[in-house]
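Data block below; observations after.
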Amino acid sequence: MSEVSLIIGASGGIGRELVSQLAENGDKVIAVSRSGFADDKWPENVTSVTCDSNEESQIAEVVKKLKSDDQTVRLAVCTVGMLHGEVDGVDVQPEKQLEALNEKQLSAYFSVNTIIPSLWVKHLVNVMSDRAVLACLSARVGSISDNRLGGWYGYRASKAALNMMIKTAAIEYGRRAKGTALVCYHPGTVDTALSEPFQANVKPEKLFTPEFTVSQLLKITRDLNPKEGPYYLDWDGEAINW
Ligand SMILES: NC(=O)c1ccc[n+]([C@@H]2O[C@H](COP(=O)([O-])OP(=O)(O)OC[C@H]3O[C@@H](n4cnc5c(N)ncnc54)[C@H](OP(=O)(O)O)[C@@H]3O)[C@@H](O)[C@H]2O)c1
């Protein structure tokens with residue numbers, strides 16, 4: 225039996241940096257992405273796995289392989305998420321007003337931001353280590369109580385729904401995977417493709433590098449107590465109101 229760290233959405237700005245820092249720490253890392261990093265040279269302790277999380281059967285295959293290799297997961301981070309861009313031919317842009325709401329775009333938000341991470345949480349319940357952390361990248365704008373600005377309907381609602389999935393799953397994990405702390409994590413505004421079109425009004429000191437946000441995430445999630453979760457935390461380790 226060996227322990228691994230699993231990064232889902234490993235080719236994204238935050239995901240790639242997670243793989244890099246965990247590998248540097250000496251972890252055995254499984255880096256899951258749609259692309260499979262064909263051209264990347266990772267150190268020997270990184271295994272790159274091609275998986276399109278839009279197909280649940282592919283998620284199930286990855287977890288089945290962990291089991292058959294006698295591996296348990298010490299840390300799983302699902303970074304999968306989307307704010308803008310093309311999803312199945314739909315050009316998704318965050319809505320500024322009600323008139324911008326449309327069914328295809330809302331479906332795309334929920335599909336990527338809520339359903340994919342939830343399916344990973346479903347499949348991982350049987351392969352977590354006795355003491356483990358399962359973090360999903362959420363966002364502060366998914367807080368229902370903290371919503372003062374409005375806008376970004378689909379992104380906000382899909383992250384709020386993700387938070388509810390994690391809160392609900394934590395109750396079942398409490399019976400079936402007692403040693404796993406579940407976390408909804410807000411990384412701050414991070415300089416990646418996801419935030420790039422929306423960085424103009426962000427103060428330079430509030431726009432984090434992937435290096436900074438990942439070192440914070442790894443530090444903050446290291447010693448979480450499963451009994452006190454689920455957690456909804458920001459990049460500074462502060463609790464966010466749900
Ligand atoms: N950057 C920020 O300022 C910020 C702020 C708050 C929250 N977050 C959250 O942090 C997470 C990571 O964001 P990031 O900044 O690293 O963004 P990113 O560079 O755009 O990476 C997004 C990741 O999501 C996956 N993904 C995107 N669209 C997908 C689709 N249609 N189907 C399946 N997978 C898809 C990609 O996985 P593959 O590796 O498989 O391509 C990619 O790794 C997201 O959940 C985001 O909502 C980011």
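For the sequence shown, the numbering used here gives the first residue as 225, with consecutive numbering after it.
Note that CB positions come from ideal geometry on N, CA and C, so glycine has one too.
Since this is a predicted model, take the numbers as computed values, not measurements.
Compute every distance between the C-beta of N387 and the non-hydrogen atoms of ligand 2, then say whether any falls below 8 angstroms. With respect to ligand 2, the structure offers nothing, as its ligand set consists of ligand 1.
Does M352 come out as helix, strand or coil in the three-state DSSP assignment? strand
Note the first and the last residue of the continuous beta strand (DSSP E) segment covering T404. 404-410
In terms of DSSP beta bridges, what is Y456 paired with? C408
V253 and A247 - do their beta-carbons sit closer together than 9 angstroms? yes
Is L307 near P318, with beta carbons less than 9 angstroms apart? yes
Measuring only from the beta carbon, is H410 closer than 8 angstroms to any heavy atom that is part of ligand 1? yes
Is any non-hydrogen atom of ligand 1 found closer than 8 angstroms to the C-beta of P434, if you look at the structure I gave you? yes
How many angstroms separate the CA atom of W459 from the CA atom of E323? 33 angstroms
Give the secondary structure of I464 by DSSP, where H, G and I count as helix, E and B as strand, and everything else as coil. coil
Within 9 angstroms, strictly: CB atoms of V407 and P454: yes
So, at 8 angstroms on beta carbons, what are the nonlocal neighbours of G237 in its own chain, with the 5 sequence-adjacent residues on each side left out? V414, D415, T416, A417, L418, P434
Ligand 1 heavy atoms versus the CB of M306: any closer than 8 angstroms? yes
Closer than 8 angstroms: is that where the CB of I472 sits relative to any heavy atom of ligand 1? With the chain represented from 225 up to 466, any question about residue 472 goes unanswered, as that position is not in the structure.
Answer yes or no: the CB of N278 versus the heavy atoms of ligand 1, is any distance below 8 angstroms? yes
In chain order, what residues of the same chain lie with their CB nearer than 6 angstroms to the CB of T274, ignoring the 5 residues before and after it? G260
If you follow the beta strand (DSSP E) that A255 is part of, which residue opens it and which one closes it? 253-257
Once you ignore the five residues that flank D354 on each side, which residues in its own chain have a CB closer than 6 angstroms to its CB? G403
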